[in-house]
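**Student:**
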Amino acid sequence: MITLADLQVSSLGPCRYDSPLASYVADRQTNEYYVSEGDRVLYDDTIDLLERRAEPVERSPSFEPGGPRARIFHDPATTHVGVVTCGGLCPGLNDVIRAVTLELYTHYGVTQVTGFQNGYAGLVPQLGFEPVSLTPGLVGSINKRGGTVLGTSRGAQDPSVIVDRLVELEIDALIVIGGDGSMHGAHKIVEEIGRRGLAIGVVGIPKTIDNDIPHIGQSFGFATAFSEASKAITAAHVEAESAYNGVGLVKVMGRHAGFIACYAALANHDADFVLIPEVPFALDGENGLLRTLARRVRAHGSAVVVLAEGAGQELMPATGKSDASGNRRLGDIAAVVRAAIEKDFHDRGEPLTLKYLDPGYGIRAVPADAADSVYCARLAQIAVHAAMSGRTDMVVGRRRHRFVHVPIPLVIERRHSVAPDGDLWLSVLESTAQPLDMS
Ligand code: F6P
């Protein structure tokens, strides 16, 4: 159970400087959408949830609101900010790099912005990746491109070497754009900074197409990714319904969380089965995939099955391998399901036209769509405000339409996933009409 103490954000110290945005912030005090320094954003947002806590509202868990502060910790004239992108690609990385740089230059007058190349590796001098000076001219139109102009990599680096590098370059705040693994790394950097008693802030901007970061509603790039994935589902549907006994099989990314599969399927209502890591399914048996798929094809002439890559891992031997971020390497569920469907139709003497689509990296290598671009820009601005105000060990996020600060320890203690008894999964079941229980 989350408590108010869990949501307290760390700070480097008292804010001694007027923000260049101070007058703008002051003018907004009467605006109902503005959240002032002393205000909090409630964790619970229904009367039932609040009443269940049976404690005064000021002691109920609440987040620090994101946004510009009238007073800031760092002196913009001397502040040096570092930016690094870590982990797998995600639409919008360049939008974030651009917006961070522009916000620092344009609104705070900070002119020392350094990009570290290839993830945390760029903070390890021995690996030879030169830092890049980020300027408005350099970031001008990078948002039109997919990927990250800074490059990225997976895997941790020694926090002590990283902090040495931050000290050497006189970095005051490091902005880490990354997912779960990167935020674990960011927290280790914060701990090392703390051990040395330094005033260097670390602020995260949560990135992952898997949308598996808790407490923040949605990670940037997710919407673009599922919208790309939905195109593969539409194509599978067209192929399947145009064939006799057509089956479209689509595998999308989503290692531990089935959000991409669920949202991509809901986007067009073309899927008949959505299989995700959070909800086990069987191949055989009356409610297993093979029997229900056969019934669906008999009734409708065709069917579409959407698989998240992490689904059904219990149906095959574990690979026993992991990637540089420490993530378990998954078995190929699509190969297992495809072979099982082909064998089943063959054994029953039924013809089958099966088309397999794997949009793969294509869903995350694209530039952000307009909605994600706006989200990226706003997250980046909120992250800069947080960094300039001396916040540290936190990520920015938007939760139920409010921008908030979330302590890193809270976002790395678990992964966000699709709740099998939640409303998203219910929507998927309503949309596909697949059996409630396929295990
Ligand atoms: O974590 C996001 C993600 O896109 C996963 O959905 C996918 O399994 C993984 O990254 C692939 O990453 P890599 O770049 O290491 O192949």
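All letters in the sequence shown, in the order written, are residues 682 to 1120 by my numbering.
Positions of the beta carbon are idealized from the N, C-alpha and C atoms, including for glycine.
The model shown is predicted, which means the values in this text are computed figures rather than measured ones.
Just to confirm my understanding: we take Ile683, look at its own chain, exclude 5 residues before and 5 after, and list those with CB closer than 7 Å. What are they?
**Tutor:** Cβ neighbours of Ile683 beyond the five flanking positions: Tyr724, Pro742.
**Student:** Can you say whether Pro1088 is buried or exposed, counting buried as having 16 or more other CB atoms within 10 angstroms of its CB?
**Tutor:** Looking at its Cβ environment, which holds 16 or more other Cβ atoms inside 10 Å, Pro1088 is buried.
**Student:** Examine the Cβ distances between the stretch 850-864 and the stretch 887-895 and report whether three or more of them are shorter than 8 Å.
**Tutor:** Judged by Cβ distances under 8 Å, the stretch 850-864 makes contact with the stretch 887-895, as three or more pairs qualify.
**Student:** Less than 8 Å between the CB atoms is what I'm expecting for Ile778 and Thr829, so what's the real figure, rounded?
**Tutor:** Between Thr829 and Ile778 the Cβ distance is about 7 Å, and since that is below 8 Å, they are a contact.
**Student:** Could you give the DSSP three-state label for Arg877: helix, strand or coil?
**Tutor:** Arg877 falls in the helix class under three-state DSSP.
**Student:** Look up Met1069 in the DSSP assignment and give the residues it is bridged to.
**Tutor:** Bridge partners of Met1069: none, in fact.
**Student:** Return the CA-CA distance between Ser692 and Asp699, expressed in angstroms with no decimal places.
**Tutor:** Whole-angstrom Cα-Cα distance: 17 Å.
**Student:** So the candidates are Gly827, Asp839, Gln793, Arg826; which of them puts its Cα closest to the Cα of Val805?
**Tutor:** Checked all of Gly827, Asp839, Gln793, Arg826; the closest Cα to Val805 is Asp839.
**Student:** Put Leu1117 into one of helix, strand or coil per three-state DSSP.
**Tutor:** Correct three-state label for Leu1117: coil.
**Student:** Below 8 Å on the Cβ atoms is my contact criterion, and I expect Thr833 with Cys767 to pass it. Report the Cβ-Cβ distance as a whole number of Å.
**Tutor:** That pair is a contact at about 6 Å.
**Student:** In its own chain, which residues sit with a C-beta less than 8 Å from the C-beta of Leu688, not counting the 5 before and 5 after it?
**Tutor:** If we look at Leu688 and ignore the five residues flanking it on each side, its Cβ neighbours are Tyr724, Pro742, Ser743, Phe744, Glu745, Val1087, Pro1088, Leu1091.
**Student:** Quick one: complete beta strand (DSSP E) runs, 3+ long, within the stretch 983-1034?
**Tutor:** Runs found: 983-989.
**Student:** Three or more C-beta pairs under 8 Å: does that hold for the stretch 1072-1080 against the stretch 776-794?
**Tutor:** Too few Cβ pairs lie closer than 8 Å, so no.
**Student:** Less than 7 Å separating the Cβ of Ile890 from some heavy atom of the ligand GTP?
**Tutor:** As far as ligands go, the structure on display features the ligand F6P and does not contain the ligand GTP.
**Student:** By Cβ distance below 7 Å, which residues in the same chain neighbour Gly1043 in space, the five residues on each side in sequence not counted?
**Tutor:** Answer for Gly1043: Glu909, listed in chain order.
**Student:** In terms of residue numbering, what span does the beta strand (DSSP E) encompassing Arg1080 cover?
**Tutor:** Start and end: 1075-1080.
**Student:** Relative to the alpha-carbon of Pro1101, which residue among Phe940, Asn1008, Met1069 has its alpha-carbon at the smallest distance?
**Tutor:** Closest by alpha carbon: Phe940.
**Student:** Are Ser1098 and Glu990 touching if we call contact CB-CB under 8 Å?
**Tutor:** No, they are not a contact pair.
**Student:** Pick helix, strand or coil for Arg697, following the three-state DSSP scheme.
**Tutor:** Correct three-state label for Arg697: coil.
**Student:** Tell me which same chain residues have a C-beta within less than 6 Å of the C-beta of Ala913, skipping the five on either side of it?
**Tutor:** Same-chain partners within the cutoff: Val931, Leu1038, Pro1040.
**Student:** Count the C-beta pairs between the stretch 746-758 and the stretch 1023-1039 that are closer than 8 Å, then say yes if the count reaches three, no if not.
**Tutor:** Contact between the stretch 746-758 and the stretch 1023-1039 is absent, because fewer than three Cβ pairs lie under 8 Å.
**Student:** Starting from the C-beta of Phe962, find all residues in its chain whose C-beta is less than 8 Å away, skip the five residues before and the five after it, and write them out in chain order.
**Tutor:** Excluding positions up to five away in sequence, the list reads Leu956, Gly969, Leu970, Ala992, Gly993, Met1119, Ser1120.
**Student:** Check Leu688 in the structure and name its three-state DSSP category.
**Tutor:** Helix.
**Student:** Shortest alpha-carbon distance to Thr1113 belongs to which of Ala948, Pro812, Asp965, Glu1094?
**Tutor:** The candidate whose alpha carbon is nearest that of Thr1113 is Ala948.
**Student:** For Arg979 and Asn926, I'd like the C-alpha separation in whole angstroms.
**Tutor:** In a straight line, the C-alpha of Arg979 is about 8 Å away from that of Asn926.
**Student:** Can you tell me whether Gln899 is helix, strand or coil according to DSSP?
**Tutor:** Here Gln899 sits in coil by DSSP.
**Student:** Are Gly827 and Val813 close, meaning C-beta to C-beta below 8 Å?
**Tutor:** For Gly827 and Val813, no; Cβs fall outside 8 Å.
**Student:** Over what stretch of residues does the beta strand (DSSP E) that includes Gly929 continue unbroken?
**Tutor:** That run of the beta strand (DSSP E) goes 927-933.
**Student:** Could you check the C-alpha separation between Leu730 and Val1085 for me, to the nearest Å?
**Tutor:** Rounded to whole angstroms, Leu730 to Val1085 spans 20 Å at the Cα level.
**Student:** Hey, would you say the C-beta of Asp853 is under 7 Å away from at least one heavy atom of the ligand F6P?
**Tutor:** Checking every heavy atom of the ligand F6P against the Cβ of Asp853, none is found closer than 7 Å.
**Student:** For Gln1115, is the classification buried or exposed, using 16 other Cβ atoms within 10 angstroms of its Cβ as the cut-off for buried?
**Tutor:** Result: buried.
**Student:** For Gly885, which of helix, strand or coil comes out of DSSP?
**Tutor:** The answer is strand: DSSP assigns Gly885 an E or B state.
**Student:** Judging by CA-CA distance, which residue of Met997, Val762, Ala867, Gly769 is the nearest neighbour of Gly935?
**Tutor:** Among Met997, Val762, Ala867, Gly769, the Cα nearest to that of Gly935 is on Gly769.
**Student:** Can you look up Glu922 in the DSSP assignment and give me helix, strand or coil?
**Tutor:** Three-state result, Glu922: helix.
**Student:** In the DSSP output, which residue or residues are listed as bridge partners for Pro1090?
**Tutor:** Answer by DSSP bridge pairing: none, since Pro1090 is not bridged.
**Student:** Compute the minimum distance between the beta carbon of Glu959 and the heavy atoms of the ligand F6P, and state whether it is under 7 Å.
**Tutor:** False, no ligand heavy atom lies under 7 Å from that Cβ.
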